[in-house]
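Contents: one structure, followed by commentary.
In our numbering, the protein residues as written are 77 to 337.
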């Protein structure tokens, strides 16, 4: 719950901690490493959320609902763009629907903030948000790391949201769909998607990203009117690799909102 160094947001807010490994994008999850460090520093909120496996921290599947953290955004008077649950997934099945509703109530009371919620479980997002109010200050998104998980975008398209966005990070393959026999079906379908964030994996064991995969996303965004944000090339030293694509940075935000100061 602090100012964030993530390029596309201002702050993080974590009323939930803990998660499970769901798909290939989770393999080197930074939140697992951070949760282990925070537990080692004595933070009770993160105790027991990870275990060592093969010398690396892995989620145990435990969930921690932090009710004391629910009111934090109400103490932030200056408008912020807030990434919700950078250390978990609000739409994980282990998070009770009633607690999701409590988070929604906080966001409804703090309309001066803009909230960004990402999930790898857009099926549950689709289900639960159908019973929650549509809030103009809440952006809903899903993560897609490779072509095997493009189905998540279809669920997101059916979600009621002021802004729908994609986190295509860590980008592990081309997202251009192929039909039978490897036939190119014409690119990435971004209908109903307002914003796409692309980026390579960073940190220990980072898997490489092919620049052509990023260009495919950028070109699809430009052709279909979706804002494009290129976060990073990644690698073990992401600062060294930078975030310039074809001679410039790409820091577009959706027309429905601009980054808070």
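The beta-carbon is built from N, C-alpha and C at its ideal position, and this holds for glycine as well. All of these numbers come straight from a predicted model, not from anything done at the bench.
**Q.** Residues near residue 138 by beta carbon distance below 6 Å, same chain, minus five either side
**A.** Setting aside the 5 residues that flank it on each side, residue 138 is surrounded in the same chain by 94, 124, 125, each with a C-beta closer than 6 Å to its C-beta; the list follows chain order.
Q: Keeping to the same chain, check which residues put their C-beta closer than 8 Å to that of residue 321; ignore five residues upstream and five downstream.
A: Closer than 8 Å at Cβ, skipping near neighbours: 287, 290, 291, 294, 306.
Q | residue 141 beta carbon less than 7 Å from that of residue 180 | A | In this structure, residue 141 does not lie closer than 7 Å to residue 180 by Cβ.
Q.
If distances are taken between C-alpha atoms only, which option among 317, 272, 200 comes closest to residue 231?
A. With distances taken between Cα atoms, residue 231 lies closest to 200.
Q: Could you check what DSSP says for residue 180 in three-state terms: helix, strand or coil?
A: In the three-state reduction of the DSSP assignment, residue 180 falls in the helix class.
Q. Which first and last residues belong to the alpha helix (DSSP H) in which residue 302 is found?
A. Counting along the chain, residue 302 falls outside any alpha helix (DSSP H), and DSSP gives it neither H nor E.
Q. Does DSSP put residue 88 in a helix, a strand or coil?
A. Looking at residue 88 - three-state DSSP - the assignment turns out to be strand.
Q | Those runs of the alpha helix (DSSP H) which lie wholly inside the segment 234 to 294 and span at least 4 residues | A | Listed in chain order, there is nothing to give.
Q) Fully enclosed by the segment 122 to 187, which beta strand (DSSP E) runs are 3 residues long or longer? A) The qualifying runs are 126 to 129, 132 to 135, 157 to 160.
Q: Can you say whether residue 325 is buried or exposed, counting buried as having 16 or more other CB atoms within 10 angstroms of its CB?
A: Burial call: exposed.
Q.
Assuming contact is defined by CB atoms lying nearer than 7 Å, are residue 217 and residue 248 in contact in what I supplied?
A. The beta carbons of residue 217 and residue 248 sit no closer together than 7 Å.
Q. Alpha carbon to alpha carbon, what distance is there between residue 304 and residue 269?
A. If you take the alpha carbons of residue 269 and residue 304, they lie about 11 Å apart.
Q: Evaluate the contact criterion for the segment 267 to 286 versus the segment 238 to 252: three or more CB pairs, one atom per stretch, below 8 Å.
A: At 8 Å Cβ cutoff, the stretches touch.
Q.
Among 157, 98, 119, 146, whose alpha-carbon lies nearest the alpha-carbon of residue 85?
A. Among 157, 98, 119, 146, the Cα nearest to that of residue 85 is on 157.
Q) Exposed or buried, which one is residue 281 when buried takes at least 16 other CB atoms within 10 Å? A) Looking at its Cβ environment, which holds fewer than 16 other Cβ atoms inside 10 Å, residue 281 is exposed.
**Q.** Straight-line gap, residue 160 to residue 323 (C-alpha atoms, nearest Å)
**A.** Taking the straight line from one Cα to the other gives about 32 Å.
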